[in-house]
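So the structure is just underneath, and the comments pick up after that.
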Amino acid sequence: MGLFNRWGHSRFRDLLSLHIDGRLDESQAAILEGHLAMCDPCREELHTLRATVGLLQALPHAVPRHSFAVTAQPRVSKSAPAYLWGMRAATAMASVALVLVVAGDLFGTFSRDVAPVSEANTEMIESSDTDTNTLVTEDAESTPPSLESKAAAPQDGFAAIPDASIPQADIESIEPEETLPTTALEILLGSLLASLALITLFATRRYRRRREST
Amino acid sequence: MKYIYLGENSLAFTSDIPDDSLVGLAQHGDLDAFNQLAQRYERQIHNVSFRMLGNAQLAEDVTQESLIKAHRGIAGFRGGNLRSWLLRIASNVCKDFLRSQRSRQDVSLDVIMEESGDTLASSDPSPEQEALRGELGQEIQRGLLTLHRDQRMVLVLVDVEGMSYEEAAESVGISPGTLRSRLSRARAKLRDYLLQNGELLPPSFRQ
Numbered sequence: 016m017g018l019f020n021r022w023g024h025s026r027f028r029d030l031l032s033l034h035i036d037g038r039l040d041e042s043q044a045a046i047l048e049g050h051l052a053m054c055d056p057c058r059e060e061l062h063t064l065r066a067t068v069g070l071l072q073a074l075p076h077a078v079p080r081h082s083f084a085v086t087a088q089p090r091v092s093k094s095a096p097a098y099l100w101g102m103r104a105a106t107a108m109a110s111v112a113l114v115l116v117v118a119g120d121l122f123g124t125f126s127r128d129v130a131p132v133s134e135a136n137t138e139m140i141e142s143s144d145t146d147t148n149t150l151v152t153e154d155a156e157s158t159p160p161s162l163e164s165k166a167a168a169p170q171d172g173f174a175a176i177p178d179a180s181i182p183q184a185d186i187e188s189i190e191p192e193e194t195l196p197t198t199a200l201e202i203l204l205g206s207l208l209a210s211l212a213l214i215t216l217f218a219t220r221r222y223r224r225r226r227e228s229t
Numbered sequence: 011m012k013y014i015y016l017g018e019n020s021l022a023f024t025s026d027i028p029d030d031s032l033v034g035l036a037q038h039g040d041l042d043a044f045n046q047l048a049q050r051y052e053r054q055i056h057n058v059s060f061r062m063l064g065n066a067q068l069a070e071d072v073t074q075e076s077l078i079k080a081h082r083g084i085a086g087f088r089g090g091n092l093r094s095w096l097l098r099i100a101s102n103v104c105k106d107f108l109r110s111q112r113s114r115q116d117v118s119l120d121v122i123m124e125e126s127g128d129t130l131a132s133s134d135p136s137p138e139q140e141a142l143r144g145e146l147g148q149e150i151q152r153g154l155l156t157l158h159r160d161q162r163m164v165l166v167l168v169d170v171e172g173m174s175y176e177e178a179a180e181s182v183g184i185s186p187g188t189l190r191s192r193l194s195r196a197r198a199k200l201r202d203y204l205l206q207n208g209e210l211l212p213p214s215f216r217q
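Chains as they are written, first to last, in our numbering: chain R, 16 to 229; chain G, 11 to 217.
Quick look at the structure:
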């Protein structure tokens, strides 16, 4: 019986708030009123809850000391100022440049994957001909002076080491104009991009904070 | 659309223009239309803010900020209950303030309660109203401030402002079911506080 009562009280107490607001349907209200008729604690609870609500409803309203009319505000441009757009554009350009360089580098890497085959060929040639001159020339001739050969050139080590025995004309034909220090370029572009991105981020946040404070 | 001619280059909106029409004008940049709306609801926003924060000056700041935010965001208002929309903005501004206050801990309850009685309306000079403007009112306000801000908000909207469950739920962005249980807990908690600290409670409070 005691357990039933505890369960019953808790269940009915949840209904008291709704009962005060007339939010119970007829059957719920009838059940609650039946319980209240024989339960002093719940009746007391309903009474004090109702008195609490009555006090809240009777609280005087606070009166503002002035009106809150919104005055015409200087139109704040929603878009960021020009310098921010400039920094964003610079960051984007650095990103594109980095992507291009990395892509070019990767493309070169793929071509280097093919290189061992040509190296094998040249070794065969080398075995029959001891003249490194011929080797280099063959190597240079075997691959067209394309971007791949330019990127691969520093790796094969022949073009990088000047050899007095190699005629000047041959060296020129081997050493493409590029020997692009791609890694250095990537590092440079990466650093530039990181710096630009950080500066742009901080500048944007500072600008937003300033705009919010105004 | 009804206007009153007030003089050269001066038109005022009559008070019987429905909210929807004013909202439409305000959404097209008519500041006067927006201010007409603001005037309709500013007292209510201020009172809710006052009961949420317990301080007249803070309530005015929150009201002003809420209306500025409403003005900025009126273009995004997609119709419906304008009062709920405005009170939702005010509710969020109050919450932001309470969060920052909690992190700073630099506004004590005593400071908050200071001189709050001066801002309360005294049009009805009945003894009960006088009591509620005085120490009893402050005790109730203290009790409100002991509640969690979410419970306090539903209690203020429903019991102080007399909003329906549905409108109050829309104002705080919760379901009516959540509002019912939150309101029930808030009322019980405030009642317990008043019973513990309510030496000044009127006789009607006890059977």
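Beta carbons: idealized from backbone N, C-alpha and C, even for Gly.
Min CB distance residue i to chain R below 8 Å
i: G/H56; result: yes
i: G/F87; result: no
i: G/N207; result: no
i: G/H81; result: yes
i: G/N91; result: no
i: G/V72; result: no
i: G/D169; result: yes
i: G/R201; result: yes
i: G/F107; result: no
i: G/R190; result: yes
i: G/A69; result: yes
i: G/L96; result: no
i: G/I184; result: no
i: G/G172; result: yes
i: G/Q111; result: no
i: G/A178; result: no
i: G/A66; result: yes
i: G/N45; result: yes
i: G/Q49; result: yes
i: G/L41; result: yes
i: G/L204; result: yes
Under 7 Å from the C-beta of residue i: neighbouring residues of chain R
i: G/S194; result: D29 and S32
i: G/F215; result: T63 and A66
i: G/I99; result: Here the premise fails: no neighbours, minimum Cβ distance about 13 Å.
C-alpha gap between residue i and residue j, whole angstroms
i: R/S32; j: R/A45; result: 15 Å
i: R/R226; j: R/L47; result: 57 Å
i: G/S185; j: G/V33; result: 26 Å
i: R/G101; j: R/V68; result: 60 Å
i: R/R65; j: R/P79; result: 29 Å
i: R/L208; j: R/A104; result: 11 Å
i: R/A77; j: R/A109; result: 58 Å
i: G/Y51; j: G/Q67; result: 18 Å
i: G/R152; j: G/L204; result: 9 Å
i: G/E180; j: G/W95; result: 8 Å
i: G/Q8; j: G/E75; result: Because chain G is modelled from 11 through 217, residue 8 of chain G falls outside the range shown and cannot be assessed.
i: R/S206; j: R/T197; result: 14 Å
i: G/P213; j: R/D55; result: 19 Å
i: G/Q111; j: G/L63; result: 10 Å
i: G/N182; j: G/R98; result: Strictly speaking, residue 182 of chain G in this sequence is Val, with Asn absent from that position. Spanning the two alpha carbons is a distance of roughly 6 Å.
i: R/T86; j: G/A48; result: 12 Å
i: G/R201; j: R/A84; result: 38 Å
i: R/A97; j: R/A212; result: 16 Å
i: G/L189; j: R/F217; result: 42 Å
i: G/V170; j: G/L154; result: 11 Å
i: G/I27; j: G/A80; result: 19 Å
i: G/R197; j: G/N45; result: 35 Å
Neighbour flag for residue i against chain G, beta carbons, 8 Å
i: R/A95; result: no
i: R/Q72; result: yes
i: R/H76; result: yes
i: R/A87; result: yes
Partner residues on chain R for residue i, Cβ-Cβ distance less than 9 Å
i: G/E52; result: P79, S82, F83 and A84
i: G/I27; result: Under the 9 Å cutoff, chain R gives no residues; its nearest Cβ is about 17 Å from G/I27.
i: G/L32; result: By Cβ distance, chain R contributes nothing, its closest Cβ being about 13 Å from G/L32, past 9 Å.
i: G/L77; result: F83, A84 and V85
Partners in chain R for residue i, counting only beta-carbon separations shorter than 8 Å
i: G/L165; result: L71
Legend entry - Contact the stretch 99-108 of chain G vs the stretch 112-120 of chain R: 3+ CB pairs below 8 Å: Note that the stretch 99-108 of chain G does not touch the stretch 112-120 of chain R; fewer than 3 beta-carbon pairs, one per stretch, sit closer than 8 Å.
Legend entry - Against chain B: residues of the stretch 141-161 of chain G by CB proximity under 7 Å: Reference to chain B is not applicable here, since the protein chains of this structure are R and G.
Inset, instruction - Count the CB pairs spanning the stretch 82-89 of chain G and the stretch 157-164 of chain G that are closer than 8 Å, and state whether there are at least three. - result: Contact fails: fewer than three Cβ-Cβ distances are below 8 Å.
Legend entry - Whole alpha helix (DSSP H) elements within the stretch 53-85 of chain R, 4-residue minimum: 55-73, all fully within the stretch 53-85 of chain R.
Legend entry - Continuous beta strand (DSSP E) assignments of at least 3 residues falling wholly in the stretch 70-108 of chain G: Fully enclosed beta strand (DSSP E) runs of 3 or longer: not present.
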